[in-house]
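**Student:**
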Amino acid sequence: MIPRILRDVDIYTYGKSLYYFIVHQLTVKDRDSLWNYLNYLASCLPNVVAVRLLEENRAQLAKLKMERLDELCQTMIQASEFPAAMSLYLAAFMQQCAHNDLSREEQFEDISNKYIEVSYLMYNITMVRILLSTFTSNIFIYLFVKIAQELLQQIESDHLLAIMVEIPCGIDDMSIFDIALRFKLTNFLDFHRFPPLMLQMWYRFEYLDPQTNFIQIDRSNFKTLRTLAFSPKYFYFSPVGQYLIQAFLYLFYVLYVSWIAYLQIYPYEPVPPQEWLLWLLNLGYVSFEVVQLMLEGRDYFNGLLNFWDIGICVVWIILAFIRFSVRIYHTQRTSHRSSLYERNSSNTTTYMFFFGVECVLLWTRVTSFFQRNPSTGALLTMIFKMFKDILVRTFFPLPPFFFTKKKKNLL
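Going by this note's numbering, the sequence shown opens with residue 43, and the numbers climb by one from there.
Now the structure itself:
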């Protein structure tokens, strides 16, 4: 029971301070009364504020009782206006706690998977609220999961499915798909109803048109080219059209850089017209990355490919500094002896070294366009994970007993 004096407190004014105070008291001594009032605060505070406070106190709460933290998260799901999005976000929260606390990693992972199963109820919000208010302590039992799966089978409209997963929720204005992709909740994305939705969004511009049925199988390249020939507006404004145009322009850019490298233009020589065009293209490349960073903010660093682009931009800036700031080339024709001296200088060697590094970075980035191919995407993902494991095992060796499987307690 919560005292009346605490229930009458203005939550919107003092709720944040009370939240921090209760979490601090829980770290001193774990009491059920403190957990009860913390659940009350989580149910009364706005969803955005409750999520932010949970994130800010992640380190303290993750060290407390697992059952009470699970109860706190369930309370936030019940009080949320978007229970499916909230359950997905809390599933990602539990996965991050699992990465930080290896001693209880399996318990955090189990709770995360349970929240993902609960998120499947998003297609019937009314049923979600009824079930969440009915099941309290045993919300994640086997029967509950079966009911969720049965509800999914009752949804027949793919268009309604697409609308509901794209509705922004109160968590950073992210939709269901945004949360699943941002926190890499692959278990949720494995649902068998999602592939037709993904294909529809990938190949169609107006993918929510009720007059057209959803695509069930992947389209051939011939059909894509036919769309380009007979309906160019539907091709250019579709995601697959923009993707192919981007891939074609990037391939042209890489080939042009390779051609400039084949010409062997040294930094001590005057800048020819074809090299001026190269630096103009480089300026566009760097400017695009800067604009993307300004628009996306910290989300820009969530993708591994963006770090690759940052490396490309940094090398281009270094090359531009060597080429234009250090004025070592001559405006007049140099003698054969001075030309040999300049070619063997440290400045020329440094310039050619970074230009070679740039060519390697540009050509290896081409592989990113094959990730969307069904035949090469899975292979590239497997290669990247193997390369990551090799680097971890090489530079961060662990003792042999760390890799032994834990014996589960059968009692």
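Virtual Cβ for every residue (Gly too), placed ideally from N, Cα, C.
Between the C-alpha atoms of A140 and Y131, what's the straight-line distance to the nearest angstrom?
**Tutor:** Their backbone Cα atoms lie some 14 Å apart in a straight line.
**Student:** Excluding the five sequence neighbours on either side, which residues of its own chain have a C-beta within less than 8 Å of the C-beta of T409, listed in chain order?
**Tutor:** Excluding positions up to five away in sequence, the list reads L422.
**Student:** Go to Q306, then tell me how far its alpha helix (DSSP H) extends in each direction, as first and last residue.
**Tutor:** Neither: Q306 is in no alpha helix (DSSP H) and is coded neither H nor E.
**Student:** My assumption, with CB atoms under 8 Å, is that Q116 sits in contact with V65. Please give the rounded CB distance.
**Tutor:** The Cβ separation is near 18 Å, so there is no contact.
**Student:** Just the C-alpha distance for W77 and D232, rounded to the nearest angstrom, thanks.
**Tutor:** Those two C-alpha atoms are separated by around 35 Å.
**Student:** State yes or no: is the C-beta of Y278 within less than 7 Å of the C-beta of R261?
**Tutor:** Not in contact: Y278 and R261 (Cβ atoms no closer than 7 Å).
**Student:** Going residue by residue through the stretch 71-140, where are the continuous alpha helix (DSSP H) segments of at least 4 residues, counting only ones entirely within it?
**Tutor:** Qualifying alpha helix (DSSP H) stretches, in chain order: 74-86, 89-98, 100-103 and 108-121.
**Student:** Taking the straight line between their C-alpha atoms, what separation do you get for I218 and F135?
**Tutor:** Going by the C-alpha atoms only, they are around 15 Å apart.
**Student:** Would you mind sorting A127 into buried or exposed? The rule is 16 or more other CB atoms within 10 Å of its CB.
**Tutor:** By the 10 Å Cβ count, A127 comes out buried.
**Student:** To the nearest angstrom, how far is the alpha carbon of D431 from that of P309?
**Tutor:** Whole-angstrom Cα-Cα distance: 40 Å.
**Student:** Using a Cβ-Cβ cut-off of 6 Å (strictly less than) and excluding sequence neighbours within five positions of C86, which residues of its own chain qualify?
**Tutor:** I53.
**Student:** Label R414 either buried or exposed according to how many other C-beta atoms from any shown protein chain fall within 10 Å of its C-beta, with 16 as the threshold for buried.
**Tutor:** R414 should be labelled exposed.
**Student:** In this structure, does DSSP put K427 in helix, strand or coil?
**Tutor:** In this structure, K427 counts as helix in the three-state DSSP scheme.
**Student:** In the stretch 278-357, which residue ranges form an unbroken alpha helix (DSSP H) of at least 4 residues, counting only runs that do not cross its ends?
**Tutor:** Fully enclosed alpha helix (DSSP H) runs of 4 or longer: 281-305 and 315-338.
**Student:** S388 lies in the alpha helix (DSSP H); which residues open and close that run?
**Tutor:** First-last of the alpha helix (DSSP H) with S388: S388 to R407.
**Student:** Find the nearest neighbour of Q288 within the set F411, P312 and L114, judged by alpha-carbon distance.
**Tutor:** Answer by Cα proximity: F411.
**Student:** Can you give the beta carbon distance from L114 to A84, rounded, assuming they're within the 8 Å contact cut?
**Tutor:** Their Cβ separation, rounded to whole angstroms, is 6 Å, which keeps L114 and A84 in contact under 8 Å.
**Student:** Using the three-state DSSP reduction, which class does L227 fall into: helix, strand or coil?
**Tutor:** Coil.
**Student:** When you compare only the Cα positions, how much space is there between S38 and L347?
**Tutor:** Nothing can be reported for residue 38: it is not among the residues displayed for the chain, which extend from 43 to 453.
**Student:** Is it buried or exposed, T228, if we count other Cβ atoms within 10 angstroms and call 16 or more buried?
**Tutor:** Classification of T228: exposed, given that the 10 Å Cβ count is below 16.
**Student:** Can you give me the C-alpha to C-alpha distance between G353 and R407, rounded to a whole angstrom?
**Tutor:** Distance between the alpha carbons of G353 and R407: 11 Å.
**Student:** So what's E148 in DSSP terms, helix, strand or just coil?
**Tutor:** E148 falls in the helix class under three-state DSSP.
**Student:** Do F247 and Y276 have their beta-carbon atoms positioned less than 7 Å apart in this structure?
**Tutor:** Their beta carbons are under 7 Å apart, which means Y276 touches F247 by this criterion.
**Student:** Please name the residue in E317, L95 and V434 whose C-alpha comes closest to that of I302.
**Tutor:** It is E317.
**Student:** Which residue's Cα is closest to the Cα of W321: I364, T391 and F290?
**Tutor:** Ranking the options by Cα distance to W321, first place goes to I364.
**Student:** Could you tell me the alpha carbon to alpha carbon distance between Q306 and F264, rounded to whole angstroms?
**Tutor:** Each residue's alpha carbon lies about 40 Å from the other.
**Student:** Whose CA, out of A92, S300 and L267, lies closest to the CA of L286?
**Tutor:** Nearest of A92, S300 and L267 to L286, Cα basis: L267.
**Student:** Under the rule that 16 or more other beta-carbon atoms within 10 Å means buried, what is E400, buried or exposed?
**Tutor:** E400 comes out buried.
**Student:** Should V434 be labelled buried (16 or more other beta-carbon atoms within 10 Å of its own) or exposed?
**Tutor:** Under this definition V434 is an exposed residue.
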